[in-house]
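In the numbering used here, the protein residues as written are 1 to 74.
We put the beta carbon where it would ideally sit given N, CA and C, even for glycine.
Just so you know, these numbers come straight off a predicted model, no measurement behind them.
First up is the structure itself, then whatever we jot down about it.
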Amino acid sequence: MLNAVSKTANYGRVTVGTKLAYESVEEKMCQAFKNVQSGKFAKEWINKNESGEKKLNTLVKTIERNIRKRRLAC
């Protein structure tokens, strides 16, 4: 995975990223991992995929729009 990003992004990930990984992030990642292990994620994906790619594309566009709107307050 680290080879899939630029060297600059990779450097930032290994030097700064570790400083940003707070306990709450770890807790959320653990929950996400449990959802994968339990099959909950797969069931959700199957349901979303069966309901049509249009809904998935809408979710992706919403997330992308929200990311662009976010600004750091520093």
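**OP:** Measure the alpha-carbon distance for K69 versus T62 and round it to whole angstroms.
**Re:** Walking along the sequence shown from the start, residue 69 turns up at place 69. Walking along the sequence shown from the start, residue 62 turns up at place 62. Taking the straight line joining both Cα atoms gives about 11 Å.
Original post:
What residue range is occupied by the uninterrupted alpha helix (DSSP H) comprising R68?
Top reply: Sequence index remark: in the sequence shown, residue 68 carries index 68 (1-based). E53 to K69 is the span of the alpha helix (DSSP H), which, as asked, contains R68.
Original post:
When the Cα atoms are used, what is the spatial distance from E64 to T58?
Top reply: Taking the sequence shown and counting its residues from 1, the one referred to as residue 64 is at position 64. Taking the sequence shown and counting its residues from 1, the one referred to as residue 58 is at position 58. About 10 Å.
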